[in-house]
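Worksheet: the structure to be examined is printed underneath.
In the numbering used here, the protein residues as written are 13 to 401.
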């Protein structure tokens with residue numbers, strides 16, 4: 013019986029393989045030459061060197077293509093392709109162009125395939141692309157430190173002031189935290205979609221964000237339920253909730269580091285400095301949100317150190333990633349994971365607030381909680397003025 017059951021499951025798979033093999037070998041029976049060649053050449057990264065430009069390219073189209081010509085600022089220019097000018101599907105290559113670029117000037121590069129397909133890449137302001145040296149690692153690391161750890165720590169310093177709040181005011185602060193996190197959730201998704209759109213279309217960057225967010229949210233919910241069943245406990249401990257919140261915010265701050273690191277790498281130093289100031293002001297409120305679940309407890313100093321590091325340190329990793337090895341598809345995945353983690357924290361805090369108000373026979377959406385929620389969103393909205401351009 014078991015053998016028959018296995019065979020019954022394999023027969024449809026075998027027939028599917030046969031059908032697909034037939035179509036791949038013989039076509040669909042309605043073959044017709046396309047009006048234009050289907051070629052998809054992607055410029056994934058442009059590196060400015062002392063002697064010119066280096067472009068990392070990939071072929072994500074269905075056909076083999078050949079890079080036959082390069083134009084820089086509307087002039088045909090000599091070039092070299094490693095490993096070769098011909099790229100098969102999913103092959104990657106490096107296009108090297110010797111060009112006397114001018115510091116701070118914009119440059120436009122066009123790659124032209126053998127069939128006349130043109131792919132363009134822009135350099136907003138030419139400057140040497142930073143190399144991953146120890147000196148540059150330290151410089152970018154300090155930027156991430158200013159943007160991530162410093163403002164989060166300043167926000168955590170509000171803990172002694174908030175510690176004296178009554179239960180209703182603590183719930184209002186938690187509602188404010190939900191407002192902060194909801195704004196961050198939407199912003200993280202939007203940033204993920206923006207970065208995902210830069211990835212080759214075959215990788216479906218936007219779907220990577222959604223899949224990352226959905227799976228992270230469900231995995232955290234499942235893990236939470238497993239832990240509660242195993243420990244026969246109900247609800248998160250205050251520190252566990254704060255740590256989970258710090259993790260989600262940390263992944264969001266990774267995206268902020270990406271934006272700053274890539275801005276400096278592309279030569280947009282003024283924009284990078286603007287983002288540093290803006291994100292520093294923006295992130296102070298995140299520290300307040302992380303401290304909120306701890307108001308009914310007596311955390312240790314090392315707990316605050318851990319929370320500040322978990323929430324802020326990813327900004328350092330983001331500046332390194334954005335400045336040296338930025339990849340749109342990986343950036344989209346990380347931001348999707350961050351969005352899922354933030355959504356799970358929103359779910360947990362909201363559930364905790366509802367249960368507390370039911371316990372004390374109070375309406376869950378009180379005027380105080382609603383005001384806290386609205387203030388949280390408005391704080392994030394207005395401080396975001398410093399990072400939008």
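For each residue, glycine too, the CB sits at the ideal point set by N, CA and C.
Residue(s) in a DSSP beta bridge with residue i
i           : result
residue 407 : With the chain covering 13 to 401 only, the question about residue 407 has no answer from this structure.
residue 65  : 60, 109
residue 70  : 54, 104
residue 78  : 98
Start and end residues, beta strand (DSSP E) containing residue i
i           : result
residue 307 : That residue, residue 307, is in no beta strand (DSSP E); it is neither H nor E in DSSP.
residue 147 : Counting along the chain, residue 147 falls outside any beta strand (DSSP E), though it belongs to the alpha helix (DSSP H) covering 146-156.
residue 131 : 130-135
Nearest residue (CA-CA) to residue i, options the options
i           : options            : result
residue 60  : 74, 114, 31, 196   : 114
residue 306 : 169, 15, 65, 229   : 169
residue 310 : 175, 107, 54, 132  : 175
residue 336 : 348, 149, 397      : 149
residue 92  : 299, 102, 79       : 79
residue 67  : 367, 53, 106, 228  : 106
residue 177 : 321, 98, 308       : 308
residue 142 : 316, 58, 259, 380  : 58
residue 411 : 74, 193, 272       : Outside the displayed range of the chain (13 to 401) lies residue 411, so it cannot be described from this structure.
residue 190 : 302, 229, 200, 138 : 302
residue 125 : 19, 75, 110, 138   : 75
residue 312 : 111, 171, 228      : 171
residue 90  : 26, 230, 63, 229   : 63
Between the CA atoms of residue j and residue i - distance to the nearest angstrom
i           : j           : result
residue 361 : residue 144 : 41 Å
residue 387 : residue 270 : 28 Å
residue 395 : residue 263 : 19 Å
residue 119 : residue 130 : 16 Å
residue 233 : residue 359 : 9 Å
residue 341 : residue 363 : 33 Å
residue 196 : residue 100 : 41 Å
residue 163 : residue 252 : 21 Å
residue 157 : residue 317 : 14 Å
residue 51  : residue 216 : 17 Å
residue 182 : residue 140 : 50 Å
residue 167 : residue 344 : 28 Å
residue 355 : residue 147 : 37 Å
residue 128 : residue 31  : 35 Å
residue 338 : residue 53  : 18 Å
Neighbourhood of residue i by C-beta, 6 Å cutoff - its chain only, sequence neighbours within 5 removed
i           : result
residue 121 : 84, 133
residue 203 : 267, 347
residue 104 : 70
residue 153 : 328
residue 384 : 184, 187, 188
residue 165 : 320
residue 392 : 192, 195
residue 108 : 66, 92
residue 97  : 78, 79
Neighbourhood of residue i by C-beta, 8 Å cutoff - its chain only, sequence neighbours within 5 removed
i           : result
residue 266 : 326, 327, 329, 330, 333, 346, 347, 350
residue 243 : At residue 243, the pLDDT of 48 sits below 50, so the modelled position is not reliable; the number obtained from the coordinates is stated separately. For residue 243, where only same-chain residues beyond five positions count, there are no Cβ hits under 8 Å.
residue 322 : 255, 258, 259, 262
residue 299 : 163, 164, 165, 166, 167, 168, 169, 170, 320, 323
Element boundaries [alpha helix (DSSP H), containing residue i]
i           : result
residue 366 : 340-371
residue 51  : Unbroken run through residue 51: none, as it is neither H nor E.
residue 203 : 179-208
residue 167 : 162-168
residue 384 : 379-395
residue 173 : 171-174
Sequence-distant residues of the same chain with beta carbon closer than 7 Å to residue i, five excluded per side
i           : result
residue 205 : 218, 221
residue 56  : 68, 69, 70
residue 380 : 180, 184
residue 81  : 88, 124
residue 211 : 217, 340, 341, 344
Test: residue i CB closer than 8 Å to a CB of chain B
i           : result
residue 371 : Of the protein chains in this structure there is only one, and it is not chain B.
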